[in-house]
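A short worksheet on the structure shown next.
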């Protein structure tokens, strides 16, 4: 977290912001599609599970909204964040097309950006390693 962010937030707020950034990243942009700059997360994968998948994804998205409320984000903004989650859940529940919708509709990232704007901090996406691919080292066990 940069110095400006650290000065603007207390420790509890910093921790909450890190948590919601992590959840949003996992849900919306965990993996870059090879050969493109497009990223997808767990949301479209969960959405592929009929019925329960979109409900689970919406529940995880509501965690971000709950953290926003705990951080003091105004009610009108919370309602807009809930609308983002609702559109995500409804659009994602459409058979077949819903998975594609979930891949493009980044409600969690938008909601985190809303929290960051309210707190007056810079987006967490501009970190020095934000665009680097994740590498996993797989080794054979002896």
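Numbering (our numbering), first residue to last: 3 to 144. Where a beta carbon is used, it is the ideal one built from N, C-alpha and C, also for glycine.
Outcome for residue 40 when other beta-carbon atoms lying within 10 angstroms are tallied against a minimum of 16
Per the 10 Å Cβ criterion, exposed.
For a minimum of 3 consecutive residues, which ranges assigned as the beta strand (DSSP E) are wholly contained in the stretch 27-107?
Within the stretch 27-107, no complete beta strand (DSSP E) run reaches 3 residues.
Hey, how far is the Cα of residue 78 from the Cα of residue 98?
If you take the alpha carbons of residue 78 and residue 98, they lie about 33 angstroms apart.
Other residues of its chain near residue 22: CB distance less than 7 angstroms, five sequence neighbours each side excluded:
For residue 22, where only same-chain residues beyond five positions count, the Cβ hits under 7 angstroms are 66, 69, 114 and 117.
Touching by the beta-carbon criterion (3+ pairs, under 8 angstroms), the stretch 88-98 and the stretch 55-62:
Counting Cβ pairs under 8 angstroms, three or more are found: they touch.
Would you report the Cα separation of residue 47 and residue 101, rounded to the nearest angstrom?
Computed Cα separation, rounded: 7 angstroms.
Between residue 105 and the rest of its own chain, which residues show a CB-CB distance below 6 angstroms, the 5 nearest in sequence each way excluded?
For residue 105, where only same-chain residues beyond five positions count, the Cβ hits under 6 angstroms are 42 and 46.
Own chain partners of residue 71 with C-beta closer than 7 angstroms, once the 5 adjacent residues on each side are dropped
Apart from sequence neighbours up to five positions away, the residues of its chain that approach residue 71 with a beta-carbon distance below 7 angstroms are 80, ordered along the chain.
Could you tell me if residue 12 is buried or exposed, where buried requires 16 or more neighbouring beta carbons within 10 angstroms of its beta carbon?
Result: exposed.
Please state the DSSP three-state secondary structure of residue 118.
Helix.
Tell me whether residue 12 sits in a helix, a strand or coil according to DSSP, three-state version.
The three-state reading of DSSP puts residue 12 in coil, since its state is none of H, G, I, E or B.
Cα-Cα separation between residue 19 and residue 82, rounded to whole angstroms:
So the alpha carbons of these two residues sit roughly 18 angstroms apart.
Reduced DSSP category for residue 123 - H, G, I as helix; E, B as strand; rest coil:
Of the three classes helix, strand and coil, the one that applies to residue 123 here is coil, per DSSP.
Let me know if residue 122 comes out buried or exposed under the rule of 16 or more other beta-carbons within 10 Å of its beta-carbon.
Only exposed fits residue 122, as fewer than 16 other CB atoms lie within 10 angstroms of its CB.
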